[in-house]
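Protein sequence lines correspond, in order, to chains A and B.
Under the numbering used here, the first residue of the first sequence is numbered 330, with each subsequent residue one higher.
Under the numbering used here, the first residue of the second sequence is numbered 330, with each subsequent residue one higher.
Even for Gly, the Cβ is constructed at its ideal location relative to N, Cα and C.
Protein chains: 2
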Amino acid sequence: MFQVNENYLKLPGSYLFSTVARKQKEYLEAHPDKSVIRLSIGDVTQPLAPAIIDAMHRAVDEMADAATFRGYAPDLGYEFLRNAIVENDYRARGCQIDADEIFVSDGAKSDSGNIQEIFAQDSKIAVCDPVYPVYVDTNVMAGRTGNYDAKTEIWSNVIYMPCTADNGFAPVLPKEEPDLIYLCFPNNPTGSTITKPQLQEWVDYANKIGAVIIYDAAYEAYITETDVPHSIYECDGARTCAIELHSFSKNAGFTGVRLGYTVIPKDLKCGDVALHSLWARRHGTKYNGAPYIVQRAGEAVYSAEGKAQLKEQVAYYMKNAAYILNGLKDAGYEASGGVNAPYIWLKTPDNMTSWEFFDHLLEHANVVGTPGSGFGPSGEHYFRLTAFGSYENTVEAIARIKAMRFT
Amino acid sequence: MFQVNENYLKLPGSYLFSTVARKQKEYLEAHPDKSVIRLSIGDVTQPLAPAIIDAMHRAVDEMADAATFRGYAPDLGYEFLRNAIVENDYRARGCQIDADEIFVSDGAKSDSGNIQEIFAQDSKIAVCDPVYPVYVDTNVMAGRTGNYDAKTEIWSNVIYMPCTADNGFAPVLPKEEPDLIYLCFPNNPTGSTITKPQLQEWVDYANKIGAVIIYDAAYEAYITETDVPHSIYECDGARTCAIELHSFSKNAGFTGVRLGYTVIPKDLKCGDVALHSLWARRHGTKYNGAPYIVQRAGEAVYSAEGKAQLKEQVAYYMKNAAYILNGLKDAGYEASGGVNAPYIWLKTPDNMTSWEFFDHLLEHANVVGTPGSGFGPSGEHYFRLTAFGSYENTVEAIARIKAMRFT
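1. Please go through the same chain and pick out, in chain order, the residues whose beta-carbon is closer than 6 Å to the beta-carbon of glutamate 554 (chain B), but skip the five residues on each side of it.
2. Answer with yes or no whether the minimum CB distance from valine 586 (chain A) to chain B is below 7 Å.
3. Considering only their Cβ atoms, is the gap separating serine 719 (chain B) from proline 700 (chain B) smaller than 7 Å?
4. Considering Cα atoms alone, identify which of B:Ser369, B:Leu338, B:Leu340, B:Pro341 is closest to glutamine 353 (chain B).
5. Select from the stretch 359-392 of chain A all residues with a C-beta closer than 8 Å to any C-beta belonging to chain B, and list them in chain order.
6. Enumerate in chain order the residues of its own chain whose CB-to-CB distance from leucine 574 (chain A) is below 6 Å, with the five nearest sequence positions on each side excluded.
7. What residue ranges within the stretch 339-425 of chain B form continuous alpha helix (DSSP H) runs of no fewer than 4 residues, ordered along the chain?
8. Are the C-beta atoms of methionine 330 (chain A) and some chain B residue less than 7 Å apart?
9. Examine chain A for any beta-carbon lying closer than 7 Å to the beta-carbon of cysteine 599 (chain B), and answer yes or no.
10. Who are the neighbours of alanine 581 (chain A) on chain B, taking C-beta pairs under 9 Å?
11. In terms of residues, what are the limits of the alpha helix (DSSP H) holding alanine 664 (chain B)?
12. Which class does serine 560 (chain B) belong to by DSSP, given the choice of helix, strand or coil?
13. At which residues does the beta strand (DSSP E) containing serine 683 (chain A) begin and terminate?
14. Once you ignore the five residues that flank tryptophan 484 (chain A) on each side, which residues in its own chain have a CB closer than 6 Å to its CB?
15. Please report the distance separating the alpha-carbon of aspartate 394 (chain A) from that of glutamate 634 (chain A).
16. Give a yes or no on whether 7 Å exceeds the smallest Cβ distance from phenylalanine 409 (chain B) to chain A.
17. Using DSSP with H/G/I as helix, E/B as strand and the rest coil, what is isoleucine 488 (chain B)?
18. Rank B:His386, B:Met392, B:Cys570 by C-alpha distance to the C-alpha of aspartate 390 (chain A) and give the top, closest one.
19. Less than 8 Å between the CB atoms is what I'm expecting for alanine 728 (chain A) and glycine 667 (chain A), so what's the real figure, rounded?
20. Beta-carbon of valine 643 (chain A) versus every beta-carbon of chain B: anything under 7 Å?
21. Whole angstroms is fine: what's the gap from tyrosine 407 (chain A)'s alpha carbon to alanine 540 (chain B)'s?
22. So, is aspartate 508 (chain A) buried or exposed, given that buried needs 16 or more other C-beta atoms within 10 angstroms?
23. Quick one: is aspartate 418 (chain B) near chain A, going by C-beta distance under 7 Å?
24. Taking the runs of the beta strand (DSSP E) that are 3 residues or longer, which of them lie wholly in the stretch 612-666 of chain A?
25. So, is the C-beta of aspartate 435 (chain A) closer than 7 Å to a C-beta in chain B?
26. Out of A:Glu709, A:Tyr621, A:Lys640, which one is the CA nearest neighbour of threonine 584 (chain B)?
27. Along chain A, which residues have their Cβ under 8 Å away from the Cβ of glutamate 335 (chain B)?
28. Any beta carbon of chain B sitting closer than 7 Å to that of proline 706 (chain A)?
29. Is arginine 351 (chain B) close to chain A? Criterion is C-beta to C-beta, closer than 7 Å.
30. Who are the near neighbours of methionine 733 (chain B) in its chain, counting only those whose CB is closer than 6 Å to its CB and skipping five residues on each side?
31. Would you tell me roughly how many angstroms separate the C-alpha atoms of tyrosine 562 (chain A) and glutamine 527 (chain A), rounded to the nearest one?
32. Just by C-beta distance, which residues in the stretch 614-640 of chain B are closer than 8 Å to chain A?
33. Against chain B, with Cβ distances strictly below 7 Å, would lysine 595 (chain A) count as a contact?
34. For a cutoff of 7 Å on Cβ pairs, would you count arginine 399 (chain B) as touching chain A?
35. Which complete beta strand (DSSP E) runs does the stretch 468-539 of chain B hold, if anything under 3 residues is left out?
36. To the nearest angstrom, report how far apart serine 702 (chain B) and phenylalanine 686 (chain B) are at their CA atoms.
In structure tokens, the structure reads:
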């Protein structure tokens, strides 16, 4: 008789955003007259930029003609896209990354979930707390996290690095030595960042203890301050300790288009074994490439027109971010983030739990956000709002939050 | 110090098709004047059908307007696509499958590689021999296959079910009881099929011993004979023992578009645990859906125009298949397949090994095929040709093969 992967059964509840979506749906079914504003999941709302639309139409037309039709993509992704990535995201910033160190994928979520596969079963992971749930959940599925204590919401074999108001939402080096360190800056969910010297400390630490940093740079396009690094490869020594994940979801609005990439420098080795070759094997065996049309859309992100249009798009969302941050502060909330990231992290009022505040906000302001506790135990009593709504909805949501009563 | 997943290091050589591509590239670099015809990897060459092109253009335009823009897709895929799948691929054939039992994905390769994750670490797998390498390699990566004997090309903890000329390339029930049984009909690589009563035996067997059949139906559109089942759910009892994988790569030419789906009936359980809910958890945690544009393209596959156009496209390739099969027989080769599948399976002449024949064919006919031994030990002395070239190239390749000398 077949048996299932019992690690899956250890996972508490369902995936955070599925629960948020279900609660929202149930509320709307019970109150069909209400207009609910979603500032929860990090889903964009602005249409694709014209340069990207044009590129996709052209690519669709190419697929209509046998002479220009494209079948399976090259294993790592098309060179035209990998070259544009290297040129714009690395060389322009003085980072030494080659085009054959780029693995194009269908998004950073898949990559951040799958990357753990190439590491040993008994790898010890360190995560920020709060944290994007995918990092932890995929290690739970792989059986690396030990046992779950429902009361503390802690896995026995995970190193948690609390990011709280006390440390400016920046993790400190853990006492216990990890094998894998997940870092995400600008951070999801707190919207915080660290400076280049701070990141250099992590790189030095990882090289010293022989750990790998999995650096999620999904939100780098939102950086506005100059001392915040866009890539971990801006730090000396990162080529021997860091994997970097990139998304096109937020900088180019590709949440429904699906494109991302992962960088594994060839210098990143365990003894003689290059992680690059393991990931290449995984990529070649379990994946068949991002659609040609989508890779052409990705290329357009780096065109002159695309860059100009996307700068405007990012500015649109960051205007929302500033509006939310300032609005919350006006209303007396403790709030941070929103300066180099599209996320605003607020402390719930009256010591409400995150889910209590979620329910209160949904019922009394008809606004959906994401409970901080869903991102980890240190996220309890916090709440995340995103800047990805329309400006009009964002303004309306803040007006509703300001008017909200707590009796 | 971090360690790698040592199971990856057990994998012999690189992924089959990467090796084939490398050898082809090296040959072309050494002989830039030669025109090489690829009948190797199962990559299509005909352009996308007009109905699909139109649907994609429309979807691209929707993404250009905030009112119709689509971000993250629903976890299982869009209902419009899942409904079309259920209506056409299941209800029309009398199979009881519901739309919420369909998981839309970026292709059957990903799904066939990932599906093993939801099963126990010590699951025993049974595979046909020869077999699509992804089934075995992904279980190697997961540490389920024991040790590899380079001489026999056998993994110690895999149940091999030889498919040879002696049994008409149809596996017989194994003596040792497996937990997971991978079946693919019409078969890759042999191009063989089994009848509905034969498949019913497998379903009955799986239900009896408590095994799960992972049924890869990627090539069902190529079935021309009436007694060959298009879906395993045509068999009684399949809802309690079978997962079915579907691809749009071959029936609709989506190798560069990327779309597939997996069916997990809710009746398929291990005790109280429905595999459906485990796969839903994986899908929701490690994947973010196929692109909206691609899901609309998939919907167009089931439109009246789409169906008519794709019937012609499949007929085009099957004309090639018949041409290859008959040409090889004319030339004195033992060959099979090509009737319900786009693959032709031939016995190498003069007892050449599969790779010897590969090199010979590349050098003397400038035709690239796939060595049978790359699919498993029982594939040794066999060779796969595909019908996915253009008709002109197919005719030319057969002419070259007929003229080929063996001194």
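Checking against the coordinates, here is how it stands:
1. Asn669
2. Yes, valine 586 (chain A) lies at the interface with chain B (some Cβ there is under 7 Å from its Cβ).
3. no
4. B:Ser369
5. Ile370, Asp372, Val373, Thr374, Gln375, Pro376, Leu377, Pro379, Ile382, Met385, His386, Val389, Asp390, Met392
6. Cβ within range, chain order: Ala437, Asp440, Ser441, Asp545, Thr591.
7. Listed in chain order, the alpha helix (DSSP H) runs fully inside the stretch 339-425 of chain B are 345-359, 379-391, 408-414, counting runs of at least 4 residues.
8. yes
9. yes
10. Simply none; closest approach about 11 Å.
11. According to the DSSP assignment, alanine 664 (chain B) belongs to no alpha helix (DSSP H) but to the beta strand (DSSP E) extending over 664-666.
12. coil
13. Segment 683-694 is the alpha helix (DSSP H) holding serine 683 (chain A); no beta strand (DSSP E) there.
14. Thr474, Gly475, Tyr477
15. 27 Å
16. no
17. Residue state for isoleucine 488 (chain B) is assigned as strand, using DSSP reduced to three classes.
18. B:His386
19. That pair is no contact at about 18 Å.
20. No, because no Cβ of chain B sits closer than 7 Å to the Cβ of valine 643 (chain A).
21. 40 Å
22. buried
23. no
24. 664-666
25. By the rule that beta-carbons nearer than 7 Å mark a contact, aspartate 435 (chain A) touches chain B.
26. Nearest of A:Glu709, A:Tyr621, A:Lys640 to threonine 584 (chain B), Cα basis: A:Tyr621.
27. Ala449
28. no
29. no
30. Only His693, Ala694 meet the Cβ criterion.
31. 13 Å
32. Thr614, Lys615, Tyr616, Asn617, Gly618, Ala619, Pro620, Tyr621, Ile622, Val623
33. no
34. The C-beta of arginine 399 (chain B) comes closer than 7 Å to at least one C-beta of chain A.
35. Within the stretch 468-539 of chain B, complete beta strand (DSSP E) segments of at least 3 residues are found at 487-491, 509-513, given in chain order.
36. Cα to Cα, serine 702 (chain B) sits roughly 11 Å from phenylalanine 686 (chain B).
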